[in-house]
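Working notes, beginning with the structure itself.
In this note's numbering, the protein residues as written are 1 to 546.
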């Protein structure tokens with residue numbers, strides 16, 4: 001068999017079912033071999049977009065996503081999306097074709113090993129025909145165990161060579177032992193002593209706890225301690241439908257009530273959360289608290305530069321189970337009628353919405369979205385000023401995937417959404433984006449239409465670079481320089497083969513959402529919003545909380 005056939009067969013053995021990317025001379029043989037083996041190929045309009053989709057696919061599926069490019073310029077197009085995936089610690093494998101080995105005079109030559117290092121990506125080279133299967137195994141092993149992107153670079157001349165039949169390939173999963181780290185009994189007892197002497201306990205659940213499916217154990221400990229439950233940004237709204245005492249995000253994107261309550265804590269239990277400076281506001285959010293941390297990492301330094309008072313090295317389920325067993329009785333803690341009343345009050349009363357003719361208050365937009373889109377439809381949040389409103393204000397219990405803080409690159413969220421929808425069997429999902437962010441990868445909406453991916457893109461359109469507009473105003477610069485007129489995006493979406501609407505008030509928004517919910521298909525809703533309301537930047541620059 002040919003090496004490209006062996007490579008394709010090994011990818012299938014590793015569980016590859018969907019591949020995103022663009023075809024070129026240096027990967028077309030491999031892609032054909034995959035198609036012959038039943039793998040679904042999603043041809044995108046830009047290689048970086050394909051990587052963004054593979055990133056979203058991996059986050060939703062819980063196993064390595066796969067993207068492919070041809071040699072040289074195809075690989076170079078991966079840069080921004082690759083760094084985003086690396087910062088998100090997403091396991092994925094990028095199959096990158098390469099010019100004939102050693103031919104530095106080839107027009108598409110690129111030192112792909114050096115380029116991979118520059119974009120924070122691991123690198124595996126298919127250097128010989130007889131090592132092809134081993135290279136695939138190594139790439140997937142590294143992606144899984146190091147939780148990062150790996151570039152598998154395959155010279156086209158090596159791909160076309162003959163190799164032995166691949167009859168006994170061992171997938172990387174067979175090489176990874178499935179073990180759980182048992183916590184140190186002394187650390188468990190130290191943590192219990194802290195809990196027993198505390199009156200105001202807060203549990204912060206992070207992405208690690210969510211991935212470990214430790215919800216049942218977290219809720220049990222919450223009941224035992226009378227704790228408030230908060231999440232990191234990456235676990236936003238997780239378990240909020242399972243307890244009345246959920247305060248949302250802990251940190252800079254939390255609401256005012258959450259900040260007031262969390263400052264009263266005398267004990268913080270972090271589960272699968274690094275407690276970075278965003279989550280604990282450099283320690284200012286929990287000024288009098290002692291910290292208990294449960295994590296699989298050997299050691300973590302928190303965002304205040306200190307270490308936890310009790311550090312339990314264990315997976316979330318094992319650590320919580322050990323911690324909960326001997327705790328007797330049930331503490332009242334935060335579980336009072338007064339706290340419940342504060343938590344159930346609306347974050348923003350409808351009477352406080354401030355729109356203008358032809359433009360909605362962005363807070364009202366989020367309120368309507370939360371009301372009208374069923375909880376079973378998942379949400380993706382990206383980066384950029386307009387995403388801040390959803391990051392802070394969505395309250396309904398639903399699956400949320402957040403890309404905030406992952407390199408700070410705008411435009412990635414619709415790509416992540418498309419990949420996650422494919423991984424979920426084409427189950428609908430929606431994404432909240434800004435106008436500049438969405439237009440950055442507009443051609444990929446056509447990709448969604450071509451493959452029937454039922455994505456809803458809600459564009460919070462202030463016709464400008466929202467963050468820069470408010471930062472400029474706060475800095476004494478000319479904010480008008482950050483304004484960019486935007487065409488109506490609803491008709492553009494229709495022209496590309498999907499559904500679309502441009503809306504300027506709540507009635508129009510509800511009607512457009514109802515149409516999507518009734519029959520989900522690729523849809524863009526262009527919501528024109530006022531620039532006069534900015535929750536995060538008024539808080540950061542002017543000390544206001546609106």
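Using N, Cα and C, we set each Cβ at its ideal position, and we do this for glycine too.
query: What residue range is occupied by the uninterrupted alpha helix (DSSP H) comprising residue 447?
result: By 1-based counting over the chain shown, the position of residue 447 is 447. According to the DSSP assignment, residue 447 belongs to the alpha helix (DSSP H) that extends over 443-451.
query: When the Cα of residue 61 is compared with those of 421, 516, 529, 158, which residue comes out closest?
result: On the chain shown, residue 61 is found 61 positions in, with the first residue counted as 1. Out of 421, 516, 529, 158, 421 has the C-alpha closest to the C-alpha of residue 61.
field: Ranges of the alpha helix (DSSP H) found wholly within the segment 152-184, counting only runs of at least 4
entry: For the segment 152-184, whole alpha helix (DSSP H) runs of length 4 or above, ordered along the chain, are 156-159.
task: Entirely within the segment 112-150 and at least 3 residues each: give me those beta strand (DSSP E) ranges in chain order.
output: Runs of the beta strand (DSSP E) lying entirely within the segment 112-150 and spanning at least 3 residues, in chain order: 122-125.
C-beta contact flag for residue 89 and residue 15 at 8 Å: The count along the chain shown starts at 1 and reaches residue 89 at position 89. The count along the chain shown starts at 1 and reaches residue 15 at position 15. With a cutoff of 8 Å on beta-carbon distance, residue 89 and residue 15 are scored as not near each other.
query: Alpha carbon to alpha carbon, what distance is there between residue 361 and residue 533?
result: Here residue 533 refers to the residue found at position 533 of the chain shown. Here residue 361 refers to the residue found at position 361 of the chain shown. Within the model, the alpha-carbon separation for residue 533 versus residue 361 is close to 7 Å.
- request: Excluding the 5 residues preceding and the 5 following residue 69 in the sequence, name in chain order all residues of the same chain whose CB lies nearer than 6 Å to its CB.
  value: As a position in the chain shown, residue 69 is number 69, starting the count at 1. Cβ neighbours of residue 69 within its own chain (closer than 6 Å, five residues either side excluded): 21, 47, 75, 96.
message: Could you give the first and the last residue of the continuous beta strand (DSSP E) run that contains residue 267?
response: Locating residue 267 in the chain shown gives position 267, where the first residue counts as 1. Start and end: 267-271.
- prompt: Taking the DSSP output, what are the residues bridged to residue 253?
  reply: Here the question's residue 253 lines up with position 253 in the chain shown. Its beta-bridge partners do not exist; DSSP assigns none.
Anticipated Cβ contact below 8 Å, residue 5 with residue 33, distance rounded: Taking the first residue of the chain shown as position 1, residue 5 is located at position 5. Taking the first residue of the chain shown as position 1, residue 33 is located at position 33. Taking 8 Å as the upper bound for CB-CB distance, residue 5 and residue 33 are in contact here, some 5 Å apart.
query: Out of curiosity, what's the CA-to-CA distance linking residue 153 and residue 516?
result: Within the chain shown, the letter at position 153 stands for residue 153. Within the chain shown, the letter at position 516 stands for residue 516. Taking the straight line from one Cα to the other gives about 41 Å.
query: Using 8 Å as the threshold, is the segment 426-442 in touch with the segment 263-280, meaning 3 or more CB pairs across them?
result: Put simply, the segment 426-442 does not touch the segment 263-280. Fewer than three CB pairs are less than 8 Å apart.
task: Please name the residue, chosen from 417, 410, 455, that lies closest to residue 440 on a Cα-to-Cα basis.
output: Indexing the chain shown from 1 puts residue 440 at position 440. Of 417, 410, 455, the smallest CA-CA separation from residue 440 is found for 410.
task: Could you please give me the residues that DSSP links to residue 473 through a beta bridge?
output: Locating residue 473 in the chain shown gives position 473, counting from the first residue. Answer is none; residue 473 lacks a bridge partner.
message: I need the DSSP call for residue 518, collapsed to helix, strand or coil.
response: Position 518 of the chain shown, counting from 1, holds the residue named residue 518. Residue 518 falls in the helix class under three-state DSSP.
message: In chain order, what are the residue ranges of uninterrupted alpha helix (DSSP H) at least 4 long that sit wholly in the segment 365-444?
response: Within the segment 365-444, the complete alpha helix (DSSP H) segments at least 4 residues long are 385-393, 413-423, 435-440, listed from N- to C-terminus.
- prompt: Cβ atoms of residue 529 and residue 368: under 8 Å apart, would you say?
  reply: Mapped onto the chain shown, residue 368 falls at position 368. Mapped onto the chain shown, residue 529 falls at position 529. Going by C-beta atoms, residue 368 is not nearer than 8 Å to residue 529.
message: Would residue 419 and residue 52 qualify as a contact pair, given that the criterion is a beta-carbon distance under 8 Å?
response: On the chain shown, position 419 is the one that residue 419 refers to. On the chain shown, position 52 is the one that residue 52 refers to. Residue 419 places its beta carbon less than 8 Å from that of residue 52.
field: Helix, strand or coil at residue 201 [DSSP, three-state]
entry: Your numbering for residue 201 matches position 201 in the chain shown. In the three-state reduction of the DSSP assignment, residue 201 falls in the strand class.
- request: Measure the Cβ-Cβ separation of residue 284 and residue 233 and say whether it is below 8 Å.
  value: If you number the chain shown from 1, residue 284 lands on position 284. If you number the chain shown from 1, residue 233 lands on position 233. Contact: no.
Three-state class that DSSP yields for residue 246 in the structure shown: Locating residue 246 in the chain shown gives position 246, counting from the first residue. Residue 246 falls in the strand class under three-state DSSP.
message: Just to confirm my understanding: we take residue 31, look at its own chain, exclude 5 residues before and 5 after, and list those with CB closer than 7 Å. What are they?
response: Along the chain shown, read from residue 1 onward, the residue named residue 31 stands at position 31. Once the five neighbours on either side are set aside, the close Cβ partners of residue 31 are 23, 41, 68.
query: Exposed or buried, which one is residue 98 when buried takes at least 16 other CB atoms within 10 Å?
result: Against the chain shown, residue 98 aligns to sequence position 98. Buried, since its Cβ has 16 or more Cβ neighbours within 10 Å.
message: For a test of the three-state rule: what should DSSP assign to residue 334, helix, strand or coil?
response: If you number the chain shown from 1, residue 334 lands on position 334. Residue state, collapsed to three classes: coil.
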